[in-house]
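Asks: Chains as they are written, first to last, in my numbering: chain Z, 7 to 257; chain H, -5 to 302; chain W, 11 to 390.
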Amino acid sequence: MLIGHQPKEFLLAVEALTVSFDGFKAVNDLSFYVEENEIRVIIGPNGAGKTTVLDLICGKTKATSGSIQFRGKELTKLKENEIVQAGVGRKFQTPSIYDDLTVFENLEISYPKGRSVYGALTFKRDAAVRARVEEVAEMIFLKDRLDTGADLLSHGQKQWLEIGMLLIQDPELLMLDEPVAGMSVSERVKTAELLNRIIKDRSVLVIEHDMKFVEDIAHKVTVLNQGQILSEGTMDKVKNDPKVIEVYLGH
Amino acid sequence: MFGDYSIGDLGSIFVMQGFAGLILFSVYVLMALGLAIIFGQMGVINMAHGEFMILGAYVTWMTSNVFQAYLPGLFAGYFFLAMILAFIASGALGMLVEWALIRHLYKRPLDTLLATWGLSLILQQAYRSVFGAREVGVELPQWMLGSLHVTDSIEVPINGIFVMCLTVLITLAVAYIMYKSRWGRQVRAVVQNRVMAGAVGINTEKVDRYTFALGCGIAGVAGSAFTMIGSTGPTSGQLYIVDTFLVVVFGGAASLLGTIASAFSISQTQSTLEFFMSGSMAKVLTLLAVVGILMLRPQGLFALKVRK
Amino acid sequence: MTDNRFVNKSELIGILLLAALLVVILPLFLDVFRLNLVAKYLTYAFVALGLVICWGYGGILSLGQGVFFGLGGYCMAMFLKLEASSVENTKIQSTPGIPDFMDWNQITALPMFWKPFHSLTFTVIAIVLVPGLFALIIGAAMFKRRVGGTYFAIITQAVAAILTILIVGQQGYTGGINGMTDLRTLKGWDIRPDHAKIVLYFFEVGCLFVCIFIAQFIRHSKLGRILVAMRDKEDRVRFSGYSVANFKIFAFCVSAVFAAIGGAMFALNVGFMSPSFVGIVPSIEMVIYTAVGGRLSILGAIYGTLLVNFAKTSLSESFPELWLFGLGGLFIAVVLAFPNGLAGIWGDYIAPQIARLFNSGNSKPGGWAGKPVADSTPAE
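#1: Once the 5 residues before and after valine 215 of chain H are set aside, which same chain residues still bring their CB inside 7 Å of it?
#2: By the criterion of Cβ-Cβ separation under 8 Å, what are the contact partners of glycine 159 of chain W in chain H?
#3: Which runs of the beta strand (DSSP E) at least 3 residues long sit entirely within the region 209 to 252 of chain Z? Give them in chain order.
#4: Can you tell me the Cα-Cα spacing of valine 94 of chain Z and glutamine 75 of chain Z, whole angstroms?
#5: Looking only at C-alpha atoms, which of W:Val264, W:Pro292, W:Ala163, W:His205 sits nearest to leucine 288 of chain H?
#6: For leucine 127 of chain Z, decide whether its Cβ has a neighbour in chain W, counting only Cβ atoms nearer than 9 Å.
#7: Starting from serine 71 of chain Z, follow its DSSP beta bridges and name the residues at the other end.
#8: On the criterion of 16 or more Cβ atoms from any shown chain inside 10 Å, does glycine 140 of chain H qualify as buried, or is it exposed?
#9: Quick one: what does DSSP say isoleucine 201 of chain W is sitting in, helix, strand or coil?
#10: Taking the beta strand (DSSP E) that glycine 95 of chain Z belongs to, which residues open and close that run?
#11: Tell me the DSSP bridge mates of glutamate 46 of chain Z?
#12: Would you kindly report the start and end of the unbroken beta strand (DSSP E) that includes valine 33 of chain Z?
#13: Cα separation between arginine 131 of chain Z and valine 109 of chain Z?
#14: Let me check you understand the geometry: is the CB of isoleucine 177 of chain W closer than 8 Å to at least one non-hydrogen atom of the ligand PLP?
#15: If you draw a straight line from the C-alpha of valine 135 of chain Z to the C-alpha of tyrosine 67 of chain W, how long is it?
#16: The alpha helix (DSSP H) spanning leucine 309 of chain W covers which residue range?
#17: Within the same chain, show all residues whose beta-carbon is closer than 6 Å to that of glycine 227 of chain H, passing over the 5 residues directly before and after it, in chain order.
#18: Which whole runs of the alpha helix (DSSP H) in the region 189 to 220 of chain H are 4 residues long or more, in chain order?
#19: Along the beta strand (DSSP E) that carries histidine 143 of chain H, what are the first and last residues, could you check?
#20: Which parts of the region 45 to 122 of chain W are runs of the beta strand (DSSP E), unbroken and 3 residues or longer, counting only runs that do not cross its ends?
#21: Tell whether a beta-carbon distance below 9 Å holds between alanine 213 of chain H and glycine 44 of chain H.
#22: Mapping the DSSP letters down to three states, classify aspartate 237 of chain H as helix, strand or coil.
#23: Are the beta-carbon atoms of proline 126 of chain W and phenylalanine 78 of chain W separated by less than 9 Å?
#24: State buried or exposed for methionine 112 of chain W, treating a residue as buried only when at least 16 other CB atoms are found within 10 Å of its CB.
#25: Which residues in the same chain as leucine 107 of chain H place their Cβ atom closer than 8 Å to its Cβ, once the five residues preceding and following it in sequence are excluded?
#26: Spatial neighbours of glycine 125 of chain Z within its chain, please: C-beta separation below 8 Å, excluding the five flanking residues on both sides.
#27: From the DSSP output, read off the bridge partner residues of leucine 117 of chain H.
#28: Quick one: list the residues of chain W neighbouring methionine 171 of chain Z, beta-carbon separation under 9 Å, in chain order.
#29: According to the Cβ coordinates, are isoleucine 312 of chain W and leucine 28 of chain W closer than 9 Å?
#30: From valine 284 of chain H to arginine 194 of chain Z, what distance separates their C-alpha atoms?
#31: Taking DSSP's pairing of strands, which residues face proline 151 of chain H in a bridge?
#32: Among H:Ser256, H:Ser249, H:Gly224, which one has its Cα closest to the Cα of threonine 238 of chain H?
#33: List, in chain order, every chain Z residue whose beta-carbon is nearer than 8 Å to that of phenylalanine 153 of chain W.
#34: Using the DSSP secondary-structure output, state which residues sit across from threonine 110 of chain H in a beta bridge.
#35: May I have the straight-line CA-CA distance separating tryptophan 114 of chain W from glycine 182 of chain W, to the nearest angstrom?
#36: Can you round the beta-carbon distance between phenylalanine 144 of chain W and leucine 81 of chain W to whole angstroms, since I take them to be within the 8 Å contact cut?
Structure (structure tokens):
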């Protein structure tokens, strides 16, 4: 790659990352770097490998080769929960919350304390926990629904709840997979407002199709196609890149 | 444990035990084929599979009795009719069970396990009420008795050869149905994406029902083969169910080749060990080895890495 | 639901009612023989209780709980057998001082692994530690590799089969198919007469309540909620920073230790231990006790165990043929129609009626009964 920085300066440094499924390379020799407090959006056509990249970073999929450095830690060697404890949070494409628990309990489980077996057994729901849960619930517009079973929430509310569950973890790198997909217009506006508030003071890696939304928040855009970087830079630069136009309009 | 035997003795032991193992292998493969179809393709754990097999065995026994009593002249060929009847009987029962029970539980695999266990208890008691608690043996036609003398020291029983040929034929037929026929494609389509398969016009309910029935039908044929190597009782099937499940899991569920390879290795290990120690210790060691390997390699012998 | 105490009001009432039944009503109205039967049933209740934690909350179906019941039972039985095989008691044997079945199998000295069971302290520790460690090994091997669901069920079943064959096959060391019989005294105190049976019954009930309180504590701790969360969305729990495997191992070990305590109680109360309580069939029967009571209900599991066993005893006494049909039908009915068992029926139909009658708030002794049951899908 052209970028010749030392990887140490970056929060996240992905280098020569490759994963192959039975010979098919879903991500192929991919390298990119995310700085502190940067908001990076990954776009690309379906099957470009966007979700796979997030899966690789958070440990859901194991890389075939290459490295992922987060604050100098090699993530490819860690387990999922260790990656989370290192400070990487991940929101899934479809809302992934606990239907059998209440909103309060959903948020409480994500509270970054008592994560060992012993810690969970002796975990006390003290004032600090309550205060933090309520604070986050307020941010995600669910303050008056704390005792509601999560299965009774609307699709948009479930998305917010999952965002809230990430928020309470307070990750340094937040990864969001299509956070506004499947939302009504009013929910979209509220979500954009919510995201704009929570992406402060941390790095964010977003996959999104909504170009308006991308333009609003992105510092830098990475365009993926067939597991490789097609173009990278500011939204303006990417938008006018003939290769990108080819891929998006050529279909 | 090999110390007491000469090299030549060991060779003969391995060959003879190998043949003995091949018959066990045949029953395992026939049992496991049906189970692999149902478990591998549908994700359903059928704990009553052994009882479907025993149904086939009872059907074979009844057919042999009918031929003996009314058609003694045709007795030599009864076995072929018995196999077909066993397939139909077990398949039909399978279809009924899928309709009444299994289809309500596709989203709850662990519950299927409990429900089919309940079914197996009911079937066992039904067999006991109808056929009695005593084990019954099937009389074989004359041509199946005796054995072939391959060399001076090695004899192969004819019914063993027959069972093995049967196993090969059925395996080929299943492979053809699953991988080459239109219906097999539909089954695999439903496995991979139920919603999509439904959307392109495949009747997924019908595919489920016939897949389940096919698996049970093959178990019925396995029951026919089983009568040649053991006597049939109400609970004979239960003895095989865990072994067979291990065969399927060890082979790597959705893989036909894996099922055969694992049936082969398990049956050969057990039968070879049986010569050197008591049958129960041979079984313990074999099962321990299988469980141990599964703990190290849970995906089984053959498994594909797929993008999820 | 958002309080952190480990027993809420309606649960406390439920526990007190159960205590009244087990401590007052049954001992008052049943003769010693029947009370001893209840004691036998209650030994399975320990297993059912463990299954609530492991299967109901954790979504881990173990079909090998008989293994742990057996390990606990055999540990206890080995101690009692050694005490019953004193030199005076066994002087007609060719080798006095060893258990009778060893003598019958031409074994002339006590095997090494039997020797520590002369000590009651060692035995008590072994009852908890042996099954606990065994569960830890199985659990670690399976859950660390993401094996769960139906695979796990099959493997545990295979383990149950292996242990049974081993016990039956090694009769010189284990007593074989007959098991260890003729257990007589505990530290010189005869466990066979009626008054001893009554004492042992109350001791068992006491242990059962200790286990109930432990289960309540787990269920109301954050760990209990994590188990429920895991059953529902394993990946989300993992990506909230928890080691899913460790929590599953914990749940499995707790259920194993509960089952082992039940097994030890069995050896004490019933006076023998045999492989017929170890294998596949008893293991899966113990699952049905839990399912009938309600897999999510701690108290339900105990009522379920008692009811199924009462039914079994009375039905198989008078109509032995009907019993298997009944048991098989019960499996199917519970799974198809009442996945939350008696506790579900209580919570959905009866409790609301009672509440309406007395109009006294929303008591729901079934606890989590009203919620739908979701199985974890098999691990890929």
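In this text, a Cβ means the ideal position worked out from N, Cα and C, and glycines have one as well.
Replies: Based on what the coordinates show:
#1: Within the second sequence, the letter at position 221 stands for residue 215 of chain H. Answer for valine 215 of chain H: Leu24, Gly50, Met77, Ala80, Phe81, Ile164, listed in chain order.
#2: Counting from 1 along the third sequence, the entry for residue 159 of chain W is found at position 149. Here the neighbours are Pro103, Leu104.
#3: DSSP runs (the beta strand (DSSP E)) wholly in the region 209 to 252 of chain Z: 209 to 213, 226 to 231, 234 to 239.
#4: Along the first sequence, read from residue 1 onward, the residue named residue 94 of chain Z stands at position 88. Along the first sequence, read from residue 1 onward, the residue named residue 75 of chain Z stands at position 69. Taking the straight line joining both Cα atoms gives about 12 Å.
#5: In the second sequence, residue 288 of chain H corresponds to position 294, counting from 1. Across the set W:Val264, W:Pro292, W:Ala163, W:His205, the C-alpha of W:Ala163 shows the shortest separation from the C-alpha of leucine 288 of chain H.
#6: Here residue 127 of chain Z corresponds to residue number 121 of the first sequence, with the count starting at 1. It does; some Cβ of chain W falls within 9 Å.
#7: In the first sequence, counting from the first residue as 1, residue 71 of chain Z sits at position 65. In the DSSP output, where bridge partners are listed per residue, serine 71 of chain Z has Z:Thr24.
#8: If you number the second sequence from 1, residue 140 of chain H lands on position 146. Around the beta carbon of glycine 140 of chain H, fewer than 16 other beta carbons lie within 10 angstroms, which makes this residue exposed.
#9: Taking the first residue of the third sequence as position 1, residue 201 of chain W is located at position 191. Isoleucine 201 of chain W: coil per DSSP, three-state reduction.
#10: In the first sequence, residue 95 of chain Z corresponds to position 89, counting from 1. Counting along the chain, the beta strand (DSSP E) containing glycine 95 of chain Z begins and ends at 94 to 97.
#11: Here residue 46 of chain Z corresponds to residue number 40 of the first sequence, with the count starting at 1. As written in the sequence, residue 46 of chain Z is arginine, which differs from the glutamate given in the question. For arginine 46 of chain Z, which the question treats as bridged, DSSP gives the partners Z:Leu211, Z:Lys226.
#12: Taking the first residue of the first sequence as 1, we reach residue 33 of chain Z at position 27. Judged by DSSP secondary structure, valine 33 of chain Z falls within the beta strand (DSSP E) whose first and last residues are 30 to 40.
#13: If you number the first sequence from 1, residue 131 of chain Z lands on position 125. If you number the first sequence from 1, residue 109 of chain Z lands on position 103. The straight-line gap from Cα to Cα measures roughly 15 Å.
#14: No copy of the ligand PLP occurs in the structure displayed, which carries no ligand at all.
#15: The residue given as residue 135 of chain Z occupies position 129 in the first sequence. The residue given as residue 67 of chain W occupies position 57 in the third sequence. Straight-line Cα distance between these residues: approximately 24 Å.
#16: As a working note, residue 309 of chain W is residue 299 in the third sequence. DSSP places leucine 309 of chain W in the uninterrupted alpha helix (DSSP H) bounded by 308 to 328.
#17: Locating residue 227 of chain H in the second sequence gives position 233, where the first residue counts as 1. Within the same chain, Glu129 come within 6 Å of glycine 227 of chain H by CB-CB distance, once the 5 residues on both sides are set aside.
#18: You should have 198 to 220.
#19: As a first step, residue 143 of chain H is located in the second sequence; it is residue number 149 there, counting from the start. Per DSSP, histidine 143 of chain H belongs to the beta strand (DSSP E) from 141 to 143.
#20: Fully enclosed beta strand (DSSP E) runs of 3 or longer: not present.
#21: As a working mapping, residue 213 of chain H is identified with position 219 in the second sequence. As a working mapping, residue 44 of chain H is identified with position 50 in the second sequence. The answer is yes: Cβ separation under 9 Å.
#22: Taking the second sequence and counting its residues from 1, the one referred to as residue 237 of chain H is at position 243. Correct three-state label for aspartate 237 of chain H: helix.
#23: Along the third sequence, read from residue 1 onward, the residue named residue 126 of chain W stands at position 116. Along the third sequence, read from residue 1 onward, the residue named residue 78 of chain W stands at position 68. Not a contact, by the Cβ cut-off of 9 Å.
#24: On the third sequence, residue 112 of chain W is found 102 positions in, with the first residue counted as 1. It counts as buried.
#25: The residue you call residue 107 of chain H lines up with position 113 of the second sequence. Once the five neighbours on either side are set aside, the close Cβ partners of leucine 107 of chain H are Ile39, Met41.
#26: Along the first sequence, one-based indexing puts residue 125 of chain Z at 119. Around glycine 125 of chain Z: Lys119.
#27: Taking the second sequence and counting its residues from 1, the one referred to as residue 117 of chain H is at position 123. The partner list for leucine 117 of chain H (beta bridge, DSSP) is empty, contrary to what the question assumes.
#28: Translated into positions along the first sequence, residue 171 of chain Z becomes position 165. Counting only Cβ-Cβ distances below 9 Å, methionine 171 of chain Z has contacts in chain W at Arg246, Ser250, in chain order.
#29: Indexing the third sequence from 1 puts residue 312 of chain W at position 302. Indexing the third sequence from 1 puts residue 28 of chain W at position 18. Between isoleucine 312 of chain W and leucine 28 of chain W, the C-beta spacing is below 9 Å.
#30: Here residue 284 of chain H corresponds to residue number 290 of the second sequence, with the count starting at 1. Here residue 194 of chain Z corresponds to residue number 188 of the first sequence, with the count starting at 1. Each residue's Cα considered, the two are about 53 Å apart.
#31: The residue given as residue 151 of chain H occupies position 157 in the second sequence. For proline 151 of chain H, the pairing in a beta bridge is given by DSSP as H:Ser141.
#32: As a working mapping, residue 238 of chain H is identified with position 244 in the second sequence. Check the Cα spacing between threonine 238 of chain H and each of H:Ser256, H:Ser249, H:Gly224: the tightest is with H:Ser256.
#33: Here the question's residue 153 of chain W lines up with position 143 in the third sequence. Under the 8 Å cutoff, chain Z gives no residues; its nearest Cβ is about 12 Å from phenylalanine 153 of chain W.
#34: Here residue 110 of chain H refers to the residue found at position 116 of the second sequence. DSSP output for threonine 110 of chain H lists no bridge partner at all.
#35: To locate residue 114 of chain W, count along the third sequence from 1; it is residue 104. To locate residue 182 of chain W, count along the third sequence from 1; it is residue 172. Taking the straight line joining both Cα atoms gives about 8 Å.
#36: Position 134 of the third sequence, counted from the first residue, corresponds to residue 144 of chain W. Position 71 of the third sequence, counted from the first residue, corresponds to residue 81 of chain W. Sure, about 7 Å apart at Cβ, within 8 Å.
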